[in-house]
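Numbering (our numbering), first residue to last: 1206 to 1392. Written below as structure tokens is the structure these notes are about.
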Amino acid sequence: MLRNTLSALGLCVLFAGCASHKVQSVAYDPASDARIRVYFGTDTHFYFNTECEPKKHAFSFANRGMWVARPRMLNLANTTIGMPVPEDAYRYYDEYVIKANEPLTITLDTGGTSQTGGVVFSTPREHAAGTFVPQAGKDYEAFAVRRSGYFRLNVRRLIVDGERVRTEPVAVPAARECADSAESPAG
């Protein structure tokens, strides 16, 4: 009896987490800020005010960036700040206010080895990095795509057109690796 009750309670908690949206009240000034939605599924980092990707150091735990998304299995609650949602939006995401008119470098990583219930999954590691300058008062989405067999960062701008939300692609050149610590973000 107790086991059945605990199982039912566990399922209720699991499904409640899947269906929830956390709406956060954050400071947003359209004159100096932009907003960005990041979809779940890849490890995603933001590096602010830099056009390059910081070097990864094996023994450095200070990423100098902000980890904004990662693959999730249990906590699938969206964190929203009121951005418009296009019809083709993916189901799970988080939204952020970012500084406008400064370069933003975004990195995506996927693959590796994981274990679920005794089964080991291994997929090739893939990495993409790109940079763009968000404009004040604009809304963006960032997510991974596979084009012509290559793993890429895709950024698009959201445009409210009456009752509809349409999108337009944003040019995101590949981010080069930062040359030295003076060029890396202070983070």
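The C-beta atom is built at its ideal place from N, Cα and C for all residues, glycine as well.
Item, Value
"Beta carbon of D1238 nearer than 8 Å to that of A1305", "yes"
"Outcome for V1338 when other beta-carbon atoms lying within 10 angstroms are tallied against a minimum of 16", "exposed"
"Given 8 Å, three or more beta-carbon pairs between the segment 1242-1256 and the segment 1338-1352", "yes"
"Inter-residue Cα distance where the pair is P1235 and K1343", "8 Å"
"Close beta carbons around H1271, own chain, < 6 Å, minus the five adjacent residues each side", "One detail in the question is off: residue 1271 reads as Met in this sequence, not His. For M1271, where only same-chain residues beyond five positions count, the Cβ hits under 6 Å are F1251."
"Cα-Cα separation, R1242 to M1288", "8 Å"
"Cα-Cα separation, A1333 to E1256", "14 Å"
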